[in-house]
Every structure is written in structure tokens, then in C-alpha cells.
Amino acid sequence: MTFLEKLDRLDRRIIFLIIGIAVFTPLLFKVPVKVPGSPIVQSIYEGIEALPEGSIILLSFDYDPSTLAELQPMSEAVVYHCVQKKHKMVFMGLWPQGPKLAQGIMDDVGPRNNLEYGVDYVNLGYKTGGLVLISSMGSAITDPFPTDTYGASLSTLPLFKDLKTLRDFDYVVSMSAGDPGIKHWVMIAQDRFKVPVGGGVTAVSAPAFYAYYNSGQLQGLMGGLRGAAEYETLIDVSGSASLGMSAQNWAHLMIILFIIIGNTTMLILKRRKEKSRGR
Amino acid sequence: MFWKRQFPILITAFVAFVMIAAFFIPKPNIAVARDNLQQWFLIVVTFTMVLGLLNLLLVSYQKARRGRKEDRFYQWVTIAGLLGTIIAGFLGGGIDGPAFDFIFEHIYKPLSATIFSLLAFYVASASFRAFRAKSVMATILLITAFIVMLGRVPLGEWVSGWLVGTKFEFLYLPTITDWIMEVMNMAGQRAVLMGAALGLIATGIKIILGIERSYLGGE
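Line order of the protein sequences matches chains R and L.
Counting in the numbering used here, the first sequence runs from 1 upward without gaps.
Counting in the numbering used here, the second sequence runs from 280 upward without gaps.
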């Protein structure tokens with residue numbers, strides 16, 4: 001067996017090892033990579049930036065830990081931005097694990113910025129229902145959420161003094177890994193109740209949402225880790241996305257090299273085969 | 280037969296007409312009916328989650344007892360995980376209690392993220408073995424993927440950054456990537472979205488009129 005034939009049948013464990021090293025090494029050295037903000041990401045930033053201090057933002061954590069690596073940095077970046085702008089935040093989740101992930105961020109961000117629960121932020125928790133749940137919030141938030149995730153009645157929380165329906169939010173941000181998610185927020189919050197919606201999705205599902213952005217139904221979109229890194233650049237924070245971009249950079253490079261090697265090997269072997277047949 | 284077939288169809292048609300009417304007729308009475316139906320939906324869906332939980336438990340138990348020998352262990356792991364988490368939640372102080380918190384933070388979160396991260400390794404392996412320029416269409420796909428992959432990471436900016444400010448600026452990889460995403464991709468996505476929406480409307484009408492009955496089971 002020639003070298004090229006061996007290369008063509010390369011053991012996948014070697015590929016795994018190379019990818020492992022390519023991803024792990026940059027993470028080990030923690031070299032942040034700044035990514036300039038693209039117009040689609042800048043739109044969300046500008047939407048939140050333009051709101052007056054004390055505006056109320058609904059952050060829906062519509063994902064679970066499987067997509068944590070891509071979506072949690074986005075959530076963190078948007079939360080940092082809201083804190084910088086002194087906006088009030090209401091967290092919830094269309095996915096069961098979402099509010100717990102929101103709580104993880106606030107356990108860190110809340111005390112560092114002297115944020116008071118019930119005044120500066122509230123976690124509504126998870127409720128099933130997806131599209132119907134959002135629609136129900138349009139009638140009265142207390143219909144689907146009579147209490148917050150800790151069991152406190154919403155009427156006792158200062159943040160909910162003037163916050164009655166979905167229309168009372170100034171902006172909705174959905175970090176979404178699938179169904180239910182950002183599409184449903186666009187359909188109900190934006191299209192029916194005219195509340196601006198922006199958010200983030202995994203890189204693999206981002207192409208499906210460009211049409212919503214182009215039509216103006218979605219104010220902005222962060223796609224994958226790059227989207228989060230762009231947002232971090234815009235708010236001038238070097239977070240986990242900027243660190244992860246370095247690893248993603250090398251992983252993409254390796255995949256591109258694999259494609260080149262795979263195709264070159266295939267073409268050379270094919271030509272050799274044709275030549276030997278010609279003889 | 281009436282209770283199994285006609286009655287559910289009548290309920291479906293009634294609910295659908297109320298929801299459609301509430302959308303087009305802004306009258307308080309209809310809005311109240313819509314809100315009530317939405318509340319009922321949320322309650323019914325909550326019960327389906329309990330049903331799903333019991334179903335998972337029952338199916339896993341049956342497989343653990345009578346399923347393939349090599350799979351039985353994993354069925355017991357599922358049952359232990361399910362019951363362990365429920366017990367931790369109920370007896371350990373709820374979802375914010377230390378026991379549930381430990382399971383979520385130190386078992387569920389890393390396991391879940393790890394499984395999804397494995398995709399990167401399989402994508403790399405597949406890119407080497409299957410992503411081959413065997414036809415014209417495959418070659419176009421390959422070149423597009425190549426450009427987008429480069430354009431989505433800083434590497435693309437480093438490689439083609441020198442083109443900025445020259446007459447070949449249009450070849451700057453992030454610019455080409457944005458064009459692919461916002462023009463070519465969006466055209467295709469729009470077609471898919473519109474097709475799916477029309478299909479959804481057609482299916483909706485068939486369900487309301489009782490033509491489509493597969494959701495009732497049987498037939």
C-alpha cells in the first residue's frame with residue numbers, strides 16, 4: 001500500500017486526535033481573539049443600547065446544556081450589556097433547563113454588580129407550551145406565571161409593579177437551540193405584539209433565520225460562537241466567546257486541511273487508476 | 280366510535296374556530312374565550328409531560344427486564360438517573376437544593392455539553408472521508424463550504440485582509456461569506472419557509488375539517 005493509499009484510508013482516531021489537539025491547545029493558552037461586529041449582530045447591540053436606562057428586557061433561555069458552548073457566551077454578553085446600561089432583566093425559559101442556566105449567570109453577575117432580586121432582575125422559570133405560552137403572556141404575564149421560579153407571587157415583586165403583559169417589555173432576547181425558540185418569539189412577540197425581538201442561535205441553525213432578519217421581523221441575530229464573540233467586542237468585554245474563537249479558528253483550519261488532503265488524495269489516486277487502466 | 284372519532288374532531292374544530300375568530304375579531308368576549316383555551320392547553324400539555332415521564336419509566340423498565348442483554352445495563356442507568364434526579368429534587372430542597380444543583384452542575388451539564396461537542400470530531404472525520412468533489416454539484420457545495428468556513432473565523436480575515444483597499448476587495452472572504460449567507464442562502468431559506476408555511480396552512484385546514492385524522496391514532 002502506497003503512502004497516498006494509506007492517507008486515503010487514514011484511521012479516524014488520528015483525525016480525532018488532531019482535532020482534539022487543535023481545539024485543546026488554544027484553550028489551554030487562553031488567547032482571546034477579537035472579532036469585529038457584523039451588521040446583523042450590531043443591530044441587537046444598537047437596539048439594546050438605544051433603550052433608556054431602566055428599560056425592561058425579557059431574556060428567554062431556550063436551550064439546554066448541550067448547546068452551552070455556543071449559547072451561554074451570548075447570554076452572558078447580553079446580560080453584561082444590560083447591566084452596563086442599567087436595564088432591568090426578566091429571565092425565563094421555553095426549555096426546562098434554561099432558567100437554571102440563567103440563574104448560573106446571575107449568581108455570578110448579580111452580587112458583583114449589586115443587583116437586587118425582584119428590583120433589578122427576576123427569574124420566572126420554565127413553563128411548557130411554547131407558542132401558546134408566549135401568546136398567553138400577551139394577555140397577562142401572571143396567567144402562565146403566577147409566581148417566579150422561587151414561588152414568590154409576581155404581585156409582590158417591585159419589578160412587576162407596572163409589568164403586566166408581554167407588550168410592557170421593551171425588548172425580547174431569545175437564545176434559542178431549536179423548537180420552541182426564537183421563531184415563536186418572532187411570530188408572537190414581534191408580529192402580534194410589536195415588541196422588538198433579537199437573539200442568538202447555534203451556528204448550524206443560523207442560516208435559517210436570515211430571512212427573518214432581512215424582513216425586519218428579527219432585529220438582529222448572533223450566530224454561533226462567532227456571534228457571541230462579535231457581541232463581546234461591541235460591549236468591550238473579553239469573555240468566553242473571544243477565548244473560544246481561537247479554538248474554533250484552529251478547528252476550522254484543520255477541517256479545511258482535511259478536505260484539501262482528502263480531495264487531493266482522491267484525485268491523484270483516481271488519475272493513477274485511469275493511467276493504469278489505459279496501459 | 281363517536282367519542283373516539285367525531286367528538287375529538289368537533290373539539291379540534293371548535294378550538295380552531297375560536298382561535299381564528301379571536302385573531303380577526305377584536306371583541307373582549309372572544310378574547311376571554313381564547314385566553315381560557317390557552318390556559319387549558321397549558322394545563323393539558325403539563326399533564327402530557329407527566330405521561331411522558333411515566334412512559335419513559337415503563338418502557339425503560341420493560342427493556343431492562345426483557346430487552347437485549349447488552350442494553351439492559353443502560354436501561355437501569357436511565358431509571359436510576361430519572362429516579363435519582365426526582366428524589367434529589369423532591370427531598371433535597373427543590374431545584375435550588377444542593378442535591379439537585381450537584382446533579383445539574385456536575386453531571387448533567389458536562390455530560391450533555393460533551394456529547395454535543397463530539398460532533399466536531401465526527402464533522403472533521405466526515406469532512407475527510409465524505410466531502411469529496413465527485414461531481415459538479417458536489418464541487419460547488421465544497422467550494423461554498425470552504426469559503427464560509429474560512430469567512431466565519433478570524434483566519435479568513437487574516438488570509439484575505441490584504442485585499443481590503445485594493446480593487447479586489449470584493450474577494451475579501453468575510454464579504455463573500457456575508458453575500459453567500461444573505462443572498463444565496465436566504466433565497467433558498469425563503470423558499471423552504473414559504474413552502475413549509477403553505478403546507479402548514481393546508482394541514483391545519485385538513486385537521487379542522489376532519490380530513491386529516493392521523494393525530495387521533497389508527498387509520
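Ideal Cβ positions, reconstructed from N, Cα and C, are used throughout, including at glycine.
Bounds of the alpha helix (DSSP H) holding R/V78 are 68-84. Taking a cut-off of 8 Å for Cβ pairs, the segment 152-159 of chain R and the segment 29-46 of chain R do not touch, as fewer than three such pairs fall below it. When the five nearest sequence neighbours on each side are left out, the beta carbons in the same chain lying within less than 8 Å of the beta carbon of L/K485 are those of E491, in order along the chain. The shortest CA-to-CA distance from R/L71 to any of R/I259, R/Q248, R/A241, R/K275 is the one to R/A241. Put simply, the backbone Cα of L/T454 is about 8 Å away from that of L/G430. Boundaries around R/V201 are those of the beta strand (DSSP E), 197-201, since no alpha helix (DSSP H) includes it.
When secondary structure is reduced to three states using DSSP, R/G93 falls in the strand class. In the DSSP assignment, R/G223 forms a beta bridge with R/V201. When C-beta distances to chain R are compared with 7 Å, the residues of the segment 296-317 of chain L below that value are D314, Q317, in chain order.
In the displayed model, R/Y121 falls within a strand according to three-state DSSP. The segment 176-192 of chain R makes contact with the segment 58-78 of chain R, as at least three CB pairs between them are under 8 Å. With contacts defined as CB atoms closer than 9 Å, R/I141 and R/I188 fail to qualify as a contacting pair.
Sequence-ordered contacts of the segment 42-67 of chain R with chain L read D64, P65, S66, T67 [C-beta pairs closer than 7 Å]. R/V33 reaches chain L at V432, P433, counting residues in chain order whose Cβ is nearer than 9 Å. Closer than 9 Å at the C-beta level to chain R, one finds these residues of the segment 451-464 of chain L: P453, D457, M460, E461, N464. By the Cβ criterion, the segment 185-203 of chain R is in contact with the segment 219-227 of chain R, since at least three pairs of Cβ atoms, one from each stretch, lie closer than 8 Å.
R/L115 carries a coil assignment under DSSP once its states are collapsed to helix, strand and coil. The continuous alpha helix (DSSP H) containing R/M266 extends over residues 240-278. Under the 8 Å Cβ criterion, the segment 441-448 of chain L does not count as touching the segment 461-472 of chain L, having fewer than three qualifying pairs. At a beta-carbon threshold of 9 Å, the residues of chain R lying near L/A392 are P65, S66, T67, L68, A69, ordered along the chain. From the beta-carbon of L/M328, the residues of chain R found nearer than 7 Å are T128.
Here R/V78 is not near R/Y210, since their CB atoms are 9 Å or more apart.
In the structure shown, R/I14 falls within a helical segment according to DSSP collapsed to helix, strand and coil. Annotation for R/S38: no alpha helix (DSSP H) segment contains it, and DSSP assigns it neither H nor E. A direct Cα-Cα distance of roughly 37 Å separates R/L163 from R/K34.
Judged by DSSP in its simplified three-state form, R/F61 adopts strand. Here the alpha carbon of L/F407 sits roughly 14 Å from the alpha carbon of L/A417. Separation of the CB atoms of R/Q248 and L/V324 is rounded to 37 Å, and the pair is thereby denied contact status at 8 Å. For the set R/G216, R/P207, R/K85, R/A208, the Cα lying nearest the Cα of R/V195 is the one of R/G216. Residues of chain L whose Cβ lies closer than 7 Å to the Cβ of R/Y210 are, in chain order, M460, E461, N464, M465, Q468. Closest by C-alpha distance to L/Q341, out of L/I358, L/G435, L/F447, is L/I358. Proximity to R/S153 across R/G125, R/F258, R/G130 peaks at R/G125, based on C-alpha coordinates. Using a 10 angstroms sphere on the CB of L/T482, the tally of other CB atoms stays under 16, which defines it as exposed. Neighbours of R/D236 in chain L, taken as residues at a C-beta separation under 9 Å, are lacking, since the least C-beta distance is about 18 Å. When the Cα atoms are used, L/R411 and R/R9 turn out to be separated by approximately 14 Å. Just measuring C-alpha positions, the residue of R/Q190, R/R277, R/V132 sitting nearest L/I322 is R/V132.
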